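K.L.:
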Amino acid sequence: MKAEIVEHLVIDPDETEQPPSFFELLQLAKDHGLVGEEDTVLTVTVAAVRGGLVILYGISRGGKDMVIEAALSLFPDDYSYEWSSGSDSKTANYYDAERLNQYDVHYLGDLARMDEETEKIAKPWGEGKDAERKKTNMTGGPDGEGDVDTQILYCPRTTFATIATDNRNFDLNDWPEFQKRAFMKGVDGTKSQTEEILRRKALEHADRVERNISPVDAARIREYMGSIPVDQFHEHPNNKIVNPASLNIIEQKPLPTEFAEARFDGDKLLGFIETVTLIRHVNRFTVDTGRGLKMLTTPNDVWYTMKILGENMVMSALNLTDEDQAILRYLRESNDTPTKRDIQQDLRAAGYNIQSKDVKRSIDSMLDRGYIRIASDGGTSYTYTLSEFASITTHKVGLDYDEIVEAAADGIYKVPGIPEEVADAYVERYCEGNGLFAIDPYTGEEVDITEDNSLQEAVNEATEDVAEIFDDEPFFGNGSDESDNDDQPEAEAQTQGTLAD
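Using full-length UniProt numbering, you'd call the opening residue of the sequence shown number 1 and step up by one each time.
#1: Between the C-alpha atoms of D440 and G310, what's the straight-line distance to the nearest angstrom?
#2: What would DSSP say about S356, mapped onto helix, strand or coil?
#3: Give the secondary structure of A245 by DSSP, where H, G and I count as helix, E and B as strand, and everything else as coil.
#4: Is the beta carbon of P156 less than 8 angstroms from the beta carbon of A245?
#5: Using only CA atoms, which one of N353, K294 and L347 lies nearest to P416?
#6: Hey, how far is the Cα of N169 from the Cα of K360?
#7: Who are the Cβ neighbours of I221 in its own chain at under 8 angstroms, not counting the five residues just before and after it?
#8: Taking Cβ to Cβ, would you say V105 is nearer than 8 angstroms to Y79?
#9: Within 10 angstroms of the Cβ of Y95, are there 16 or more other Cβ atoms? Answer buried if so, exposed if not.
#10: If you draw a straight line from the alpha carbon of P474 to that of A350, how long is it in whole angstroms?
#11: What number of angstroms, rounded off, separates the C-alpha of M114 from the C-alpha of K135?
#12: Ordered along the chain, which non-local residues of its own chain (more than five positions away) have a Cβ less than 7 angstroms from that of H205?
#13: Check whether the region 1-14 and the region 417-436 touch, using three or more Cβ-Cβ pairs below 8 angstroms as the test.
#14: How many Å lie between A375 and D400 at the Cα?
#15: What are the boundary residues of the beta strand (DSSP E) that includes K294?
#16: Three-state secondary structure (DSSP) at V10?
#17: Within 10 angstroms of its Cβ, does L247 collect 16 or more other Cβ (buried), or is it exposed?
#18: Determine the direct distance from the alpha carbon of T275 to that of T165, and round the result to whole angstroms.
#19: Compare the C-alpha of M66 against each of Y81, L34 and N93 and name the closest.
#20: Have a look at I343 and N353 and give me their C-alpha separation to the nearest angstrom.
#21: Going by DSSP, name the residue or residues bridged to G58.
#22: With distances taken from CA atoms, which of L203, E38 and V287 is nearest V242?
#23: Between S480 and the rest of its own chain, which residues show a CB-CB distance below 7 angstroms, the 5 nearest in sequence each way excluded?
#24: How many Å lie between D301 and I273 at the Cα?
#25: Let me know the beta strand (DSSP E) ranges lying completely inside the region 200-287, each 3 residues or longer, listed in chain order.
#26: Could you tell me the alpha carbon to alpha carbon distance between E119 and W303, rounded to whole angstroms?
#27: Here's the rule I'm using: 16 or more other beta-carbon atoms within 10 Å means buried, otherwise exposed. How should Y413 be labelled?
#28: Grab the span of the beta strand (DSSP E) containing Y382 for me, first residue to last.
#29: Assign S192 to one of three DSSP states: helix, strand, or coil.
#30: For H32, which residues from the same chain have a beta carbon less than 7 angstroms from its beta carbon, with the 5 sequence-adjacent residues on both sides left out?
#31: On a CA-only basis, which of R50, K64 and K268 is nearest V41? Give me that one, please.
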């Protein structure tokens, strides 16, 4: 690279090793024991770098902990702090603040099993605030009165937690701090996933599991992931990550805007794109403007983010959990107007592990949001059908990457503090030729991002009639006319946030 360009850069991308690809990260997670959950573990991996509040939900023993542990195994052992449950002390964690505050990533575990004292710490964190406790120091103060000190547990850069959706003793409505800010992601609770996990266990017992990543390369990957310069850019007053194509991304409306949650999810999407840039910092331009550092996002970073998180972000903006999606698919295929009991029985027959509580919560939420409506009141049980509003679940989300590339190539010249010669080099390196190729996170194949439309196909699959998702079995068993106590006429359902309880 020309000297007049390098003099403006913190790192010369031509003089550094390539960062690990997302495909390599996925293979290392599989070596840790991960089965399926490919987009989920990569989502958690990106979030572990800089993700705010992230909650995985699903049935008990559905693999939530395993996914988080597999993602955190890609980082050094001392990268995160895992909380234990059952503490009776009101003060122990605060007196341990110096040690706890050294960790930027915290894993709280299952919210339903959290003790009361930890809950008092977690809820301020859920609002993005520090947890504080007043302490009286009896050794000082006027007239023998103690001074009041404040003990602080700083809000982590990333906080992970889990929810078992079939736990009848837990209600996310009791956690409004988490509902408002959390990025929610469901895990796979299907029969086919259980079968794949059992097969993996059998291979382990037969000593037939082959490693994808050598121990030397695994150590190299973990060292790299632990050295990402997050502190240089996260909430830094002078340094920032700049996305020259951000306005075009939002103008393409990748997220449906029917619900206000899209306001938050859109900002999260742009934030995740910046985090992907951070993960690949060694071959990105970081410009010293004289007033601070600016790391420049590339069209590839946008593509990687949408490839990993795009479908999840769309479903979050639509307020649709995995259970919601399954029920919507079922109702699309149904020639009848089923009761809640019918829905649960037929989905379970199709291999989907769904409880009556999940069905009731999902039906109530989608009634409130207008996705479904009551078809009839038979006196003992309501029956349900799709509403006309449900058509928004076929939202087109595939970004036009030719537009993204053009917007980045044009927008880089409008970024304050970027010299023209650096902008020229950025366009040549990241917006033309080889700069438009990326490694598919799931296949390891090289892809021209301007020709990829797999995200739209994935979202279509997640929002259209897809009976084959559950082992190609039909959703429908023999419909039941039995009444269900949960099918009694309900009061108006309440809106319950991104999880759509």
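Glycine included, C-beta positions come from ideal geometry on N, C-alpha and C.
Bear in mind the structure is a predicted one, so any value in this text is a computation, not a measurement.
P.N.:
Judging by the given coordinates:
#1: Using only the alpha carbons, I get a separation of about 14 angstroms.
#2: helix
#3: coil
#4: no
#5: K294
#6: 15 angstroms
#7: So the qualifying residues of the chain are P20, E24, L25, L28, L74 and I213.
#8: For V105 and Y79, yes; Cβs fall inside 8 angstroms.
#9: Exposed.
#10: Low per-residue confidence applies at P474: pLDDT is 41, beneath 50, and the placement is therefore not dependable enough to give any value.
#11: Roughly 24 angstroms between the two C-alpha positions.
#12: Take H205, set aside five residues on each side of it, and no residue of its chain has a beta-carbon closer than 7 angstroms to its own.
#13: yes
#14: A375 and D400: Cα-Cα distance of roughly 39 angstroms.
#15: L293 to L296
#16: Note: V10 maps to coil in three-state DSSP.
#17: By the beta-carbon neighbour count (other beta carbons within 10 angstroms, threshold 16), L247 is exposed.
#18: Rounded to the nearest angstrom, the two C-alpha atoms are 29 angstroms apart.
#19: Its Cα nearest to that of M66, the residue L34 stands out among Y81, L34 and N93.
#20: 12 angstroms
#21: A164
#22: V287
#23: With a pLDDT of only 42 at S480, under 50, the local geometry of the prediction cannot be trusted, and no value is derived from it.
#24: 6 angstroms
#25: 240-242
#26: Looking at the backbone, the Cα of E119 and that of W303 are separated by about 37 angstroms.
#27: exposed
#28: Y382 to L386
#29: Collapsing the DSSP output to three states places S192 in a helix.
#30: Cβ neighbours of H32 beyond the five flanking positions: A70 and S73.
#31: K64
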